[in-house]
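So the protein lines, in turn, are chains A and B. The numbering used here applies: residue 32 is where the first sequence begins, and numbers increase by one. The numbering used here applies: residue 5 is where the second sequence begins, and numbers increase by one. Glycine included, each C-beta is placed from N, C-alpha and C at the ideal position. None of these values were measured; they are calculated from a predicted model. Encoded as structure tokens, the structure appears first; notes follow it.
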Amino acid sequence: MTTTVSESATAGSGVASLLQRQAGEHGRRPAIRERGREISYADLCEAVTRRAADFDGLGGEAVLAFQPGRDIDSLITVLAGMVSQAVILIADPAWGSDELGSVVANCGVTHLIGRHGQASTADGPRRERGPAPRPDGVSFGRFTSGSTGSSRCLGFRERTALTAAGTWAAATALGPADRVACCASFHNGLAFNTSLLSVLGSGAQLLLPGDRLLPSSLVRLIETHEATRLVAFPFFLDLVVQQGAQQHFRKLRQIVSSADRLQPGTAAALREVSQVCDYYGLAEVGPCTYNDGERPGSVGRPLPGASIRIIPEPQAGPGGAGRVTVRTGWMAEGYLDGDPQEWAAHLSDGHYLTSDLGRLTDGFLILEGRVGRIVNVGGRKIDPAEIEEALRLIDGVSYACVLLVHVHGRPALAAFIESATLGRADVLRSLSGKLADYKIPSAIRIAAKLPRGEAGKVSRERLLAEFQEG
Amino acid sequence: MEMTGTRTRQIAAELKDLLSQARTDQVPLPADGDVLLREAGLSSLDTVAFLVLIEDHFGITFDDDLPEDTLRSVSSIARYLADLGA
Chain A
32 MTTTVSESAT AGSGVASLLQ RQAGEHGRRP AIRERGREIS YADLCEAVTR RAADFDGLGG
92 EAVLAFQPGR DIDSLITVLA GMVSQAVILI ADPAWGSDEL GSVVANCGVT HLIGRHGQAS
152 TADGPRRERG PAPRPDGVSF GRFTSGSTGS SRCLGFRERT ALTAAGTWAA ATALGPADRV
212 ACCASFHNGL AFNTSLLSVL GSGAQLLLPG DRLLPSSLVR LIETHEATRL VAFPFFLDLV
272 VQQGAQQHFR KLRQIVSSAD RLQPGTAAAL REVSQVCDYY GLAEVGPCTY NDGERPGSVG
332 RPLPGASIRI IPEPQAGPGG AGRVTVRTGW MAEGYLDGDP QEWAAHLSDG HYLTSDLGRL
392 TDGFLILEGR VGRIVNVGGR KIDPAEIEEA LRLIDGVSYA CVLLVHVHGR PALAAFIESA
452 TLGRADVLRS LSGKLADYKI PSAIRIAAKL PRGEAGKVSR ERLLAEFQEG
Chain B
5 MEMTGTRTRQ IAAELKDLLS QARTDQVPLP ADGDVLLREA GLSSLDTVAF LVLIEDHFGI
65 TFDDDLPEDT LRSVSSIARY LADLGA
């Protein structure tokens with residue numbers, strides 16, 4: 032069989048070189064394992080090279096949008112997109128057609144890529160000013176989680192992504208003997224920062240649990256392949272502990288959790304069986320810190336190549352807390368769906384202005400909240416304003432607000448809608464396809480009139496109180 | 005056959021109780037008839053919590069190869085559990 036080598040691959044681009052080097056060194060050793068299938072470093076290199084050549088055939092100006100699953104084929108496509116001359120945008124698989132359509136329009140997407148790498152021409156309206164100018168050297172795009180309203184697309188260089196991966200691997204002592212079970216999706220920073228290029232660049236193995244993830248299926252994966260490290264969101268670790276499944280984690284060297292604080296009971300139960308680690312990272316700047324468990328309550332010290340500054344913030348209150356700003360050697364080059372000066376407006380002395388409030392104590396970053404209304408549901412940061420806007424566009428809705436509530440100890444989104452004509456099913460039908468499933472409020476209250484204060488403004492405090500009272 | 009049908013109905017009733025423990029939004033469920041999980045007010049986090057409750061309550065573990073249709077509704081899950089001898 033003849034393999035067509037991608038022009039980009041022969042040019043020695045970063046990821047292609049990495050895969051070739053690892054194929055030479057690790058050959059038939061498994062690189063990635065999923066249920067019923069594994070792929071060796073040698074075969075991964077060949078598969079990526081072949082798929083990159085297919086993408087090169089789409090033309091050097093191709094912009095590919097891809098919604099990966101948690102499987103080997105998806106990872107081959109992501110890597111091939113990086114290796115090829117095209118720019119691949121790694122999108123949230125939960126997005127509906129409207130959200131994907133917005134990406135196609137604003138980022139100049141030319142092709143949609145299926146799970147197995149098949150390309151189809153992207154149709155749909157385009158932004159009137161034409162595609163946003165692409166910063167030099169960008170080879171792939173990732174999306175913000177929506178904490179700045181709707182998700183924004185950020186462009187990255189392949190080489191700086193490799194630097195981030197190498198830095199993470201060194202800081203966390205990731206090596207060829209490691210087998211990393213990753214429960215996050217590839218589009219998400221938790222997976223991207225901790226488990227893709229860093230694992231492959233270390234000669235370790237990546238273990239993928241599949242799309243339906245339960246504590247029991249994770250235990251099977253960990254025991255079958257003798258995982259040494261687990262990467263998972265806090266809400267999932269809560270369920271693991273609720274089921275007592277952490278007893279099967281005693282051979283794990285590390286559990287890496289991020290995106291939200293672990294509940295104290297969960298953290299304590301996990302610490303009895305393994306080392307519990309945390310880190311701080313953002314789509315805009317990649318991984319920034321690492322805490323190997325040395326300082327509970329902190330997200331750790333800055334990684335080599337990352338700089339964190341705290342600037343005064345009126346909302347932060349007393350005690351030295353302020354707005355967290357970060358610069359890394361692997362941060363985004365700019366937005367792929369906006370004008371170049373828009374990215375510059377988010378920087379202060381080269382540091383990205385995050386929405387997080389925090390402090391540095393003895394060099395450790397301690398987070399203390401966020402600016403604005405951003406909420407965290409199961410590790411996903413969501414701006415309720417985006418959902419409120421979608422609700423207010425529904426015929427028959429005169430007012431809507433979305434609030435964070437806690438039910439059964441879990442955070443959830445609740446929508447309070449003023450409408451005399453609509454029912455719950457009407458609202459769900461209207462939102463379907465317009466918002467990703469995780470942004471659709473799981474609690475919906477509809478009333479002809481919502482409670483208001485003296486000034487006539489809807490009282491969010493009363494809505495919350497009435498909701499919690501049931 | 006009748007024994008199996010009776011057990012499936014019992015399991016379905018128990019599943020509706022578990023559903024109430026997992027759901028964020030307590031929209032009324034039909035006392036009789038099937039309940040589609042998608043329409044029961046389950047978020048993606050609620051769904052995972054519901055499946056964990058089922059595993060604990062019935063002492064089973066869901067197979068990785070379980071067809072997606074099996075988890076479509078209360079009655080489809082009840083049939084699956086009855087077939088397992090739960």
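Which residues in the same chain as residue i place their Cβ atom closer than 7 Å to its Cβ, once the five residues preceding and following it in sequence are excluded?
i, result
"residue 85 of chain A", "148"
"residue 472 of chain A", "418, 433, 444, 445, 446"
"residue 200 of chain A", "229, 232, 233"
"residue 309 of chain A", "288, 289, 322, 330, 331"
"residue 146 of chain A", "100, 104, 105"
"residue 198 of chain A", "334, 335, 336"
"residue 74 of chain B", "80, 81, 84"
Can you give me the C-alpha to C-alpha distance between residue i and residue j, rounded to a whole angstrom?
i, j, result
"residue 411 of chain A", "residue 47 of chain B", "13 Å"
"residue 37 of chain A", "residue 113 of chain A", "With a pLDDT of 42 at residue 37 of chain A, under the threshold of 50, the modelled position of this residue cannot be trusted, and the question is left open."
"residue 275 of chain A", "residue 248 of chain A", "14 Å"
"residue 143 of chain A", "residue 445 of chain A", "33 Å"
"residue 244 of chain A", "residue 66 of chain B", "10 Å"
"residue 24 of chain B", "residue 71 of chain B", "24 Å"
"residue 32 of chain A", "residue 462 of chain A", "Any reading at residue 32 of chain A is ruled out, since the residue's pLDDT is 35, under 50, leaving its predicted position unreliable."
"residue 482 of chain A", "residue 459 of chain A", "23 Å"
"residue 75 of chain A", "residue 440 of chain A", "42 Å"
"residue 394 of chain A", "residue 333 of chain A", "8 Å"
"residue 202 of chain A", "residue 338 of chain A", "15 Å"
"residue 264 of chain A", "residue 294 of chain A", "12 Å"
"residue 118 of chain A", "residue 314 of chain A", "17 Å"
"residue 5 of chain B", "residue 90 of chain B", "Any answer about residue 5 of chain B is weak, because its pLDDT of 47 lies below 50 and its placement is not dependable; what the coordinates show is given next. If you take the alpha carbons of residue 5 of chain B and residue 90 of chain B, they lie about 16 Å apart."
"residue 126 of chain A", "residue 226 of chain A", "22 Å"
"residue 46 of chain A", "residue 492 of chain A", "51 Å"
"residue 302 of chain A", "residue 184 of chain A", "37 Å"
"residue 134 of chain A", "residue 110 of chain A", "20 Å"
"residue 307 of chain A", "residue 255 of chain A", "22 Å"
"residue 35 of chain A", "residue 359 of chain A", "Any reading at residue 35 of chain A is ruled out, since the residue's pLDDT is 38, under 50, leaving its predicted position unreliable."
"residue 382 of chain A", "residue 33 of chain B", "51 Å"
"residue 283 of chain A", "residue 324 of chain A", "14 Å"
"residue 205 of chain A", "residue 500 of chain A", "48 Å"
"residue 291 of chain A", "residue 43 of chain B", "28 Å"
Could you list which residues in chain B have their beta carbon closer than 7 Å to that of residue i, in chain order?
i, result
"residue 268 of chain A", "The contacting residues do not exist; residue 268 of chain A stays about 12 Å from chain B at best."
Within a Cβ cutoff of 6 Å, which residues of the same chain sit near residue i, ignoring the five residues on either side of it in sequence?
i, result
"residue 212 of chain A", "238, 252, 253, 258, 261"
"residue 191 of chain A", "361"
"residue 26 of chain A", "Residue 26 of chain A lies beyond the range of chain A shown here (32 to 501); nothing can be said about it."
"residue 41 of chain A", "Its pLDDT being 41, under 50, residue 41 of chain A is placed unreliably in this model, and the value from its coordinates should be taken loosely. Cβ neighbours of residue 41 of chain A beyond the five flanking positions: none."
Give the residues of chain B in contact with residue i, contact being defined as C-beta atoms less than 9 Å apart.
i, result
"residue 66 of chain A", "68, 69"
"residue 443 of chain A", "28, 29, 47, 49, 50"
Quick one, are the C-beta atoms of residue i and residue j less than 9 Å apart?
i, j, result
"residue 427 of chain A", "residue 387 of chain A", "no"
"residue 384 of chain A", "residue 423 of chain A", "no"
"residue 20 of chain A", "residue 66 of chain A", "The structure shown does not extend to residue 20 of chain A, since chain A spans only 32 to 501, so no value can be given for it."
"residue 78 of chain A", "residue 70 of chain A", "yes"
"residue 26 of chain B", "residue 51 of chain B", "yes"
"residue 270 of chain A", "residue 286 of chain A", "no"
"residue 351 of chain A", "residue 341 of chain A", "yes"
"residue 140 of chain A", "residue 94 of chain A", "yes"
"residue 61 of chain A", "residue 365 of chain A", "no"
"residue 451 of chain A", "residue 479 of chain A", "yes"
"residue 280 of chain A", "residue 304 of chain A", "yes"
"residue 564 of chain A", "residue 41 of chain B", "As shown, chain A starts at 32 and ends at 501. That puts residue 564 of chain A outside it, with no answer to give."
"residue 14 of chain A", "residue 186 of chain A", "Because chain A spans 32 through 501 in this model, residue 14 of chain A falls outside it and cannot be assessed."
At a CB-CB cut-off below 8 Å, which residues of chain B make contact with residue i?
i, result
"residue 273 of chain A", "56"
Which residues of chain A have a Cβ atom closer than 9 Å to the Cβ of residue i, listed in chain order?
i, result
"residue 25 of chain B", "439"
With a threshold of 9 Å between beta carbons, is residue i in contact with chain C?
i, result
"residue 443 of chain A", "Judged by its chain identifiers, the structure shown contains no chain C, and its protein chains are A and B."
Sorted by chain position, which residues of the same chain lie with C-beta nearer than 8 Å to residue i's C-beta, five sequence neighbours on each side aside?
i, result
"residue 218 of chain A", "98, 99, 121, 122, 123, 124, 173, 174"
"residue 64 of chain B", "58, 85, 88, 90"
Residues of the region 233 to 265 of chain A with Cβ closer than 8 Å to any Cβ of chain B, in chain order: 241, 243, 244, 245, 246, 247, 248, 251
- prompt: Taking Cβ-Cβ distances below 9 Å as the criterion, which residues of the region 427 to 440 of chain A are in contact with chain B?
  reply: Here the close residues are 436, 438, 439.
field: Members of the region 451 to 484 of chain A that neighbour chain B once the beta carbon cut-off is set at 7 Å
entry: 455, 468, 469, 473, 474, 475
field: Residues in the region 47 to 74 of chain B having any Cβ partner in chain A nearer than 7 Å
entry: Listed by position, the residues of the region 47 to 74 of chain B near chain A (Cβ gap below 7 Å) are 47, 48, 49, 50, 52, 53, 55, 56, 59, 60, 65, 66, 68.
- prompt: Using Cβ-Cβ distances below 8 Å, what residues of the region 407 to 419 of chain A are close to chain B?
  reply: 408, 409
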